[in-house]
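Undergrad: In full-length UniProt numbering, the protein residues as written are 1 to 414.
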Amino acid sequence: MLQRNNDALQTAFVHVCYHSSPVELSLCKLPPRPRRDGGSGREPDRRSIPTIVPALSPSHTLGRRPDLPGSQPQHPAMKLSVLDQSISLAGSSEDAAIRDTLDLAVCCEGLGYHRFWLSEHHGLPTIVGSAPEVLLAALAARTERMRLGSAGVMLPHYSALKVAEQFRVLEALAPGRIDLGVGRAPGGDMRTARALNPNAYTAADHFPEQVRELQQWLAGHEHRGVVAHPRGPAMPAGDTSRVPEVWVLGSSDYGARLAAQYGLPYAFAYFFMDGLGVEQALELYRTLYQPSERHPRPVATICVWALVADTDEEAQFHALSRDRWRLDRSRGVLGPLQAPQTVAERGFTADELPTVEATRQRAFVGNAEQVGAKLRALAARLGLHELVINTWAHEPAVRRRSYALLAREFDLEP
Numbered sequence: 001m002l003q004r005n006n007d008a009l010q011t012a013f014v015h016v017c018y019h020s021s022p023v024e025l026s027l028c029k030l031p032p033r034p035r036r037d038g039g040s041g042r043e044p045d046r047r048s049i050p051t052i053v054p055a056l057s058p059s060h061t062l063g064r065r066p067d068l069p070g071s072q073p074q075h076p077a078m079k080l081s082v083l084d085q086s087i088s089l090a091g092s093s094e095d096a097a098i099r100d101t102l103d104l105a106v107c108c109e110g111l112g113y114h115r116f117w118l119s120e121h122h123g124l125p126t127i128v129g130s131a132p133e134v135l136l137a138a139l140a141a142r143t144e145r146m147r148l149g150s151a152g153v154m155l156p157h158y159s160a161l162k163v164a165e166q167f168r169v170l171e172a173l174a175p176g177r178i179d180l181g182v183g184r185a186p187g188g189d190m191r192t193a194r195a196l197n198p199n200a201y202t203a204a205d206h207f208p209e210q211v212r213e214l215q216q217w218l219a220g221h222e223h224r225g226v227v228a229h230p231r232g233p234a235m236p237a238g239d240t241s242r243v244p245e246v247w248v249l250g251s252s253d254y255g256a257r258l259a260a261q262y263g264l265p266y267a268f269a270y271f272f273m274d275g276l277g278v279e280q281a282l283e284l285y286r287t288l289y290q291p292s293e294r295h296p297r298p299v300a301t302i303c304v305w306a307l308v309a310d311t312d313e314e315a316q317f318h319a320l321s322r323d324r325w326r327l328d329r330s331r332g333v334l335g336p337l338q339a340p341q342t343v344a345e346r347g348f349t350a351d352e353l354p355t356v357e358a359t360r361q362r363a364f365v366g367n368a369e370q371v372g373a374k375l376r377a378l379a380a381r382l383g384l385h386e387l388v389i390n391t392w393a394h395e396p397a398v399r400r401r402s403y404a405l406l407a408r409e410f411d412l413e414p
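1) If we require 3 or more residues per run, which beta strand (DSSP E) segments fall completely within the stretch 157 to 231?
2) Are at least three pairs of beta-carbons, each pair with one atom in the stretch 347 to 359 and one in the stretch 136 to 144, less than 8 Å apart?
3) Distance, Cα to Cα, residue 415 vs Lys29?
4) For Glu293, report the span of its beta strand (DSSP E) as first-last.
5) Are the CB atoms of Leu337 and Ser130 within a distance shorter than 8 Å?
6) For Gln215, I'd like the list of residues in its chain whose CB is within less than 7 Å of its CB, leaving aside the five on either flank, ordered along the chain.
7) Got a sec? Which residues, its chain only, sit under 6 Å from Leu218 by beta carbon, not counting five neighbours each side?
8) Quick check on the burial criterion: 16 or more other C-beta atoms within 10 angstroms. Buried or exposed for Thr126?
9) Identify, in the order they occur along the chain, each residue of the same chain with its Cβ nearer than 6 Å to the Cβ of Arg177, setting aside the five sequence neighbours on each side.
10) Which residues does DSSP list as the beta-bridge partners of Glu245?
11) Which of the three DSSP states, helix, strand or coil, is assigned to Arg145?
12) Taking Cβ to Cβ, would you say Ala344 is nearer than 8 Å to Leu320?
13) If I measure Cβ to Cβ from Leu276 and keep anything under 7 Å in the same chain, skipping five residues before and after, which residues do I get?
14) If the criterion is Cβ atoms closer than 8 Å, does the pair Gln261 and Gln290 meet it?
15) What span of residues does the beta strand (DSSP E) with Val82 cover, start to end?
16) Our contact map puts Glu133 next to Val106 with C-beta atoms below 8 Å; I'd like the distance itself, whole angstroms only.
17) Would you kindly check if the distance between the Cβ of Val278 and the Cβ of Gly366 is under 8 Å?
18) Between which two residues does the beta strand (DSSP E) containing Leu307 stretch?
19) Return helix, strand or coil for Tyr403, following the three-state DSSP convention.
20) For Leu89, which three-state DSSP category applies?
21) Using 8 Å for Cβ pairs, my map puts Ala200 next to Arg194. What's the rounded Cβ distance?
22) Which of the three DSSP states, helix, strand or coil, is assigned to Tyr254?
23) Can the beta-carbon of Leu249 be found closer than 8 Å to that of Ala151?
24) Helix, strand or coil for Tyr270, going by three-state DSSP, please let me know.
25) For Leu405 and Val169, what's the separation of their Cα atoms in angstroms?
26) Please list the segments of the alpha helix (DSSP H) lying wholly inside the stretch 318 to 355, counting only runs of 4 or more residues, in order along the chain.
27) Is the beta carbon of Leu155 sitting closer than 8 Å to the one on Gln85?
28) Since Val82 and Ala267 should fall inside the 8 Å C-beta cutoff, what is the C-beta to C-beta distance between them, to a whole number of angstroms?
29) Can you find the residues in the same chain that come closer than 8 Å, C-beta to C-beta, to His394, ignoring five residues on each side of it along the sequence?
30) Any heavy atom of the ligand FMN inside 7 Å of the beta-carbon of Met273?
31) Would you decide whether Asp179 is buried or exposed? Buried here means 16 or more other CB atoms lie within 10 Å of its CB.
32) Whole angstroms is fine: what's the gap from Leu264's alpha carbon to Ser292's?
33) Please name the residue in Thr342, Phe410, Leu384, Glu213 whose C-alpha comes closest to that of Ala373.
34) Measure the beta-carbon distance from Leu80 to Leu412 and round it to whole angstroms, keeping in mind my assumption that it falls under 8 Å.
35) When the Cα atoms are used, what is the spatial distance from Arg360 to Phe271?
36) Over what stretch of residues does the beta strand (DSSP E) that includes residue 451 continue unbroken?
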């Protein structure tokens, strides 16, 4: 079994290297999705890539609901957004990872994505996006419509006033387009956290107070005798369009409770624990929600990891990079994201395969129709109207292609 799986990896490696089209993979724009009722429309190119690891390919049983005779499939309007982490790639520089983020943002705005969020991590050789507030300024200069934000700023590292002023500056650069997602996790190891804030061990205890202060200063109010600058223009009473929108981020009940108590939007990191605890957190958030002026009703989303390609086999192949990274991370080994070819050559041991197989069964990996069906089913089950997509791939062109295919599947419009 193990030998067969690893032989299949080698076969897929050879096929992808010599039969994939770099030009096609680099496309950020796609033609309209072909009609599925037999009407006109060019079918996308399907490459005959062999199955990579039979045991890793999940059985995609979630399909579309049956259509009435002569009708087109109908789906509720769904907003898609992006979380990018500036992933360091083997064979490339960390500087290049930052530039790849800029390119991806421009691409995703043209595809119709609603938001583009950046994470904050420290001391990690894989995730090198360490200063979202700086990178967001560059994104503001390169985009025009898409909302931009952090997901998030790890607030206990910093002064709430300083963060408020940074995001007031961003609001001046991209009026009405700025989100400020905040979390209380260190975003790295405790040694790095102490270097960022000598009081790191107790800083997280003050997170609720910091969020309250942040709201006051972002709105232009005087708090503790201090005002955050630059102040926005005078707006009619109740108009918060020029105030950065604060989101509480989390992967546990703590963030859900806090967001509900403060009447703030809540984003659950579904990808962090493969969705563990998401139902309980969202139910808690909605049950305890206290209406606020800006958000009279609860607003929630989740961030999922997804990878889409023209064929299921190709997507499974490119997902090998993250498979290997997750295995290595569980052993405390961190480094740049490896190429799928490298992972294929190395293969997986008998001890590793069950973990990889279990991960794939929970993953959103496949062609656009397969992944779209699974995402719609998840959103319907959780009562969500927006999903945030995080995608890792060793080739930037593969990542852009994934977002483009998903945008077409969900009929996004710029």
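Just so you know, even glycine gets a beta-carbon here, dropped at the ideal spot from N, CA and C.
TA: Based on what the coordinates show:
1) 178 to 183, all fully within the stretch 157 to 231.
2) No, the stretch 347 to 359 is not in contact with the stretch 136 to 144.
3) The structure shown does not extend to residue 415, since the chain spans only 1 to 414, so no value can be given for it.
4) No beta strand (DSSP E) contains Glu293, which DSSP labels as neither H nor E.
5) No, Cβ-Cβ distance for Ser130 and Leu337 is not below 8 Å.
6) Counting only Cβ-Cβ distances below 7 Å, and skipping sequence neighbours, we find Val246.
7) Within the same chain, Leu218 has close Cβ partners Ala164, Val243, Pro244.
8) Residue environment analysis places Thr126 among the buried positions, since at least 16 neighbouring C-beta atoms fall within 10 angstroms of its C-beta.
9) So the list reads Arg147, Leu148, once near-sequence residues are dropped.
10) The secondary-structure analysis by DSSP pairs Glu245 across a beta bridge with Asp179.
11) In the structure shown, Arg145 falls within a coil segment according to DSSP collapsed to helix, strand and coil.
12) Result yes, Cβ atoms of Ala344 and Leu320 sit closer than 8 Å.
13) None.
14) One thing to note: Gln261 has its Cβ within 8 Å of the Cβ of Gln290.
15) It spans 79 to 84 - the beta strand (DSSP E) in which Val82 sits, taken as one unbroken run.
16) Incorrect: roughly 19 Å between the Cβ atoms, too far for contact.
17) The Cβ-Cβ distance between Gly366 and Val278 does not fall below 8 Å.
18) DSSP places Leu307 in the uninterrupted beta strand (DSSP E) bounded by 300 to 309.
19) DSSP places Tyr403 in the helix class (H, G or I) of the three-state scheme.
20) Here Leu89 sits in strand by DSSP.
21) Rounded, the Cβ-Cβ distance is 5 Å, consistent with contact.
22) The three-state secondary structure of Tyr254, taken from DSSP, is helix.
23) Here Leu249 is near Ala151, since their CB atoms are less than 8 Å apart.
24) DSSP places Tyr270 in the helix class (H, G or I) of the three-state scheme.
25) The straight-line gap from Cα to Cα measures roughly 34 Å.
26) Entirely contained in the stretch 318 to 355, the alpha helix (DSSP H) runs reaching 4 residues are, in chain order, 320 to 330, 340 to 346.
27) In this structure, Leu155 sits away from Gln85, with a CB-CB distance that is not shorter than 8 Å.
28) The beta carbons of Val82 and Ala267 sit about 13 Å from each other, so the pair does not count as a contact at 8 Å.
29) Cβ within range, chain order: Leu89, Ala90, His318, Ser321, Leu337, Gln338, Ala339, Pro340.
30) Here there are no bound small molecules, and the ligand FMN is not part of this structure.
31) Buried, by the Cβ-count rule.
32) Whole-angstrom Cα-Cα distance: 8 Å.
33) The residue among Thr342, Phe410, Leu384, Glu213 with its C-alpha nearest the C-alpha of Ala373 is Phe410.
34) Contact between Leu80 and Leu412 holds: their C-beta atoms lie close to 6 Å from each other, under 8 Å.
35) Across the structure, Arg360 and Phe271 are spaced so that their CA atoms are roughly 12 Å apart.
36) Not covered by the structure: residue 451. The range shown for the chain is 1 to 414.
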